[in-house]
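These notes concern the structure reproduced below.
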Amino acid sequence: GAGGGGGANANAAAAAARQVWVLRDGAPVAIAVTPGITDGRMTEVSSEQLQAGLQVITDQRSGAAK
Numbered sequence: 821g822a823g824g825g826g827g828a829n830a831n832a833a834a835a836a837a838r839q840v841w842v843l844r845d846g847a848p849v850a851i852a853v854t855p856g857i858t859d860g861r862m863t864e865v866s867s868e869q870l871q872a873g874l875q876v877i878t879d880q881r882s883g884a885a886k
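The sequence shown begins at 821 in the numbering used here and counts up one residue at a time.
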């Protein structure tokens, strides 16, 4: 029938949504996070690996770095 779950693709998307990218020594590194409260637009995240002063990647410039 119509509908149903997203299967493996939905699971992969959910896992990807539970990480943030930071810069360490100039290279992007993924950090697993635990989502917290949300207002539907912004969501609190926490992780033992997150520290004050880390450079969090919030956007991507078009194209790869050259």
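Here a beta-carbon is modelled for each residue, glycine too, at the ideal position from N, C-alpha and C. Computed from a predicted structure; not experimentally measured.
Proximity below 8 Å, CB of Val853 to CB of Val865: yes
Between Thr858, Gln875, Leu870, which lies nearest to Ala847 when the distance is taken from Cα to Cα? Gln875
Alpha carbon of Gly860 to alpha carbon of Asp845, nearest angstrom: 33 Å
Quick one: Cα of Ala850 to Cα of Gln880, how far? 14 Å
Among Arg838, Leu870, Gln869, which has the Cα closest to the Cα of Pro855? Arg838
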